[in-house]
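Visitor: To start, I am sharing the structure in question, which I have written as structure tokens.
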Amino acid sequence: MITVKCFARYRALLGFSDLELPTPATLGELLADPRFATLPKDALLAVNQSFADRTTPLKDGDEVALMPPVSGG
Numbered sequence: 267m268i269t270v271k272c273f274a275r276y277r278a279l280l281g282f283s284d285l286e287l288p289t290p291a292t293l294g295e296l297l298a299d300p301r302f303a304t305l306p307k308d309a310l311l312a313v314n315q316s317f318a319d320r321t322t323p324l325k326d327g328d329e330v331a332l333m334p335p336v337s338g339g
């Protein structure tokens, strides 16, 4: 199993803050799940607290974080 954590406005957008799912082969396969259909393409992705892209492999016990892009000045 992997744990998916949503931060900031993605909690309301996706309807959960934490979710446990069976382990897919890659982050892209995870995000192909219909529960993530409304996730914007510019979402920041992390696996085990390191930024990742959709080709990142996943393994049992990983933690995936979904975060909105940040801006500031």
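Just so you know, we're using our numbering here: the sequence shown kicks off at 267 and counts up by one.
Even for Gly, the Cβ is constructed at its ideal location relative to N, Cα and C.
Please read these numbers as outputs of a predicted model, since none were measured by experiment.
From the DSSP output, read off the bridge partner residues of aspartate 284.
Guide: Lys271
Visitor: Measuring straight from C-alpha to C-alpha, what distance separates proline 335 and alanine 309?
Guide: C-alpha separation (whole angstroms): 6 Å.
Visitor: If we count the other Cβ atoms within 10 Å of its Cβ and call it buried at 16 or more, is alanine 318 buried or exposed?
Guide: Its Cβ being crowded by 16 or more others within 10 Å, alanine 318 is buried.
Visitor: With a cut-off of 8 Å on the beta carbons, I'd call proline 290 and leucine 324 a contact; round off their distance for me.
Guide: 6 Å
Visitor: Name the DSSP bridge partner or partners of leucine 332?
Guide: Cys272 and Leu311
Visitor: How is proline 300 classed by DSSP in three states: helix, strand or coil?
Guide: helix
Visitor: Identify, in the order they occur along the chain, each residue of the same chain with its Cβ nearer than 8 Å to the Cβ of leucine 296, setting aside the five sequence neighbours on each side.
Guide: Ile268, Val270, Leu287, Pro290, Phe302, Leu324 and Val330
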